[in-house]
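Novice: Take this structure first; my questions come after.
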Amino acid sequence: MSAAWGRCPGWRRRAGDAGGARCGQPLRELVREAEISLLECKVCFERFGPGQQRRPRNLPCGHVVCLACVAALAHPRTLALECPFCRRGCRGSDTSDCLPVLHLLELLSPALPPAPATSPAVPCAPGTLTCRHAFGGWGTLVNPTGLALCRKTGRIVVVHDGQRRVKVFDSEGGCAHQFGEKGESAQDIRYPLDVTVTNDCHVVVSDAGDRSIKVFDFFGHVKLLIGGQFSLPWGVDTTPQNEILVTDAEAGSLHILKVDFPEGNLRRIEKMCAHLCSPRGVAVSWHTGAIAVLEHPPAAEGTQTCSTRVKVFSATMQFIGQVDSFGLSLFFPSKITASAVTFDPQGNVIVTDTSSQAVLCLGKPEEFPGLKPLITQDLSHPVALVYTKENSLLVLDTAAHSVKVFKAY
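Just add 85 to the spot in the sequence shown (first one is 1) and you have our numbering.
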C-alpha cells in the first residue's frame, strides 16, 4: 500500500504534464481562431485595435467592421452606407464602439502575435491618396508650422523653429536655400505661424513674436515689415489678384493687404470681415475665388471639448456656408479637429484633421455638409497642406518634421 501510495504523486505529475501539453495546443488554436473569426475586420482583413482607424464599430444590423472601413464605405456627401454583409442601410453616425471585441482584444493581447508593420492601415477607396515620398525630417525642419508653394517656380516654402526660419525646397524636396534669422531685431523672425508665396515670388510670413507681417524676396532680402496693425496675425494666403489675406486670431477679423511687392510699399489694408471666432487658417480658391476661414471657437463653459469651424465666403465676402465639429459628428463616427484648410483645383474644401491624423474633403461649400476621407494613414500631426500644379497634395506633418507628398492611388 505504501509503495503504491508513493507512486501516486509521480503518476499525477506525469498525467498533469501530459494534460497541460494536450490543453496547450487547443488553447493556442482557440486564440488563433478568435483572432481570425472575431478580432479581424472582414472588409480589410486587418486586426481590430483600440486606435482610431482600427477601432471595431457595431453596425445597426449587428455586424462589426473597423472605423477606417466605415469611412471608406460611406457615401462622400451623405455618409450613408450599406453593410457589406447583409446590405442593411445606415449612416456613419449610427455606428458605435463594439465593447465586447475591445474587451476581448485587451484580454487576449498577451497571446496575440504582433500585427504586421507593413499592413496598410485602411483599405484604398476610390480617390484615396497615398504617400509617395517625404522630405525634411528632424534637423532639417524643427517644429514646422506653415507651408506654401511658389506657383511660378514650383518651389516649396516651409516656416519652422530653426535658426533660419524660412526653408526653401526644390520641387523634388531638395533643400535649395534658407533665410530669416532667428532673433529679436525688427527684421528677424521670432515665432512664425504661417507663410504664403505671392504670384511674383515674394515670401510673406506671419510672425506672432512681434505681431507683424514680414515680406521677403525669394532670396531672403526684407522688402516690407507691417507692424502695429494686428493683435495676432495668424493665417496668410495669396489671392489670384496677388493680394494677401491675413487672419487676426485675437481681434477676430480677416484683412486683405494690397502691396506693391517690387517696391516694398503697403498700399492699403482693408478689413473684410469682423466678429470671427479666433480665426486661424485661411485659404482662397483659384477656381471660384471663394475664401475659407478656419475658426477655433472657445469651448463651452464646463467642458474641455475643442471645436473647430470652417466658414466659406464668396470673393465678394458673401456668406456661402459653414460646417463645424459638431455638425460633422452627426455624419462621421469620430471627432474631427481641423488644423488647416485649403481648396482643391475643383473648388472643394479640404482640411487636415489632427484627431484622426487624416486629410478630409468637405465637398463644395454650397453643398455642405459632406465628407470624404482622402488620407487616412502615414500622418502623425498634420498642420498645413497645399496642392501642386500636378495635383499632388503636400501635407506638413509637424510631428514628423517633414513634408509628405501624396498622390492618387
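Where a beta carbon is used, it is the ideal one built from N, C-alpha and C, also for glycine.
Pick helix, strand or coil for residue 279, following the three-state DSSP scheme.
Specialist: Here residue 279 sits in strand by DSSP.
Novice: Report all residues from its chain with a CB closer than 6 Å to the CB of residue 374; omit the five preceding and five following residues, and keep chain order.
Specialist: For residue 374, where only same-chain residues beyond five positions count, the Cβ hits under 6 Å are 400.
Novice: Count the other CB atoms within 10 Å of the CB of residue 158; is the residue buried (16 or more) or exposed (fewer)?
Specialist: Label assigned to residue 158: buried.
Novice: So residue 126 and residue 151 are in contact, right, with Cβ under 8 Å, and what is the actual spacing, rounded?
Specialist: So it is a contact: roughly 4 Å between Cβ atoms.
Novice: Mind checking whether residue 439 and residue 480 have CB atoms under 9 Å apart?
Specialist: Not closer than 9 Å, so no.
Novice: Would you mind working out which of 218, 226, 191, 172 sits nearest residue 483, comparing C-alpha positions?
Specialist: Ranking 218, 226, 191, 172 by Cα distance to residue 483 puts 226 first.
Novice: Give the secondary structure of residue 126 by DSSP, where H, G and I count as helix, E and B as strand, and everything else as coil.
Specialist: If DSSP states are grouped into helix, strand and coil, residue 126 belongs with coil.
Novice: At what residues does the alpha helix (DSSP H) containing residue 154 begin and finish?
Specialist: Element bounds for residue 154: 152–158.
Novice: So, is residue 223 buried or exposed, given that buried needs 16 or more other C-beta atoms within 10 angstroms?
Specialist: By the neighbour-count rule (16 or more Cβ atoms within 10 Å), residue 223 is not buried but exposed.
Novice: Which value, in whole angstroms, describes the spacing of the CA atoms of residue 305 and residue 251?
Specialist: Cα-Cα distance, rounded: 8 Å.
Novice: Nearest by alpha-carbon distance to residue 141: which of 461, 308, 133 is it?
Specialist: The candidate whose alpha carbon is nearest that of residue 141 is 133.
Novice: Roughly how many angstroms lie between the CA atoms of residue 136 and residue 147, to the nearest whole one?
Specialist: Roughly 21 Å between the two C-alpha positions.
Novice: Quick one, are the C-beta atoms of residue 486 and residue 265 less than 9 Å apart?
Specialist: Contact: no.
Novice: Alpha carbon to alpha carbon, how far is residue 446 from residue 190? Give it in angstroms, no decimals.
Specialist: Computed Cα separation, rounded: 32 Å.
Novice: Cutting at 8 Å between CB atoms, please list the residues of its own chain near residue 433, excluding the five before and the five after it.
Specialist: Answer for residue 433: 446, 447, 448, 449, listed in chain order.
Novice: Taking 7 Å as the limit between beta carbons, can you name the residues of its chain near residue 395, skipping five residues before and five after?
Specialist: 377, 379, 407, 408, 423, 426, 434, 436, 447.
Novice: Going by alpha carbons, who is nearest to residue 281 out of 381, 466, 291?
Specialist: The shortest C-alpha separation from residue 281 is found at 291.
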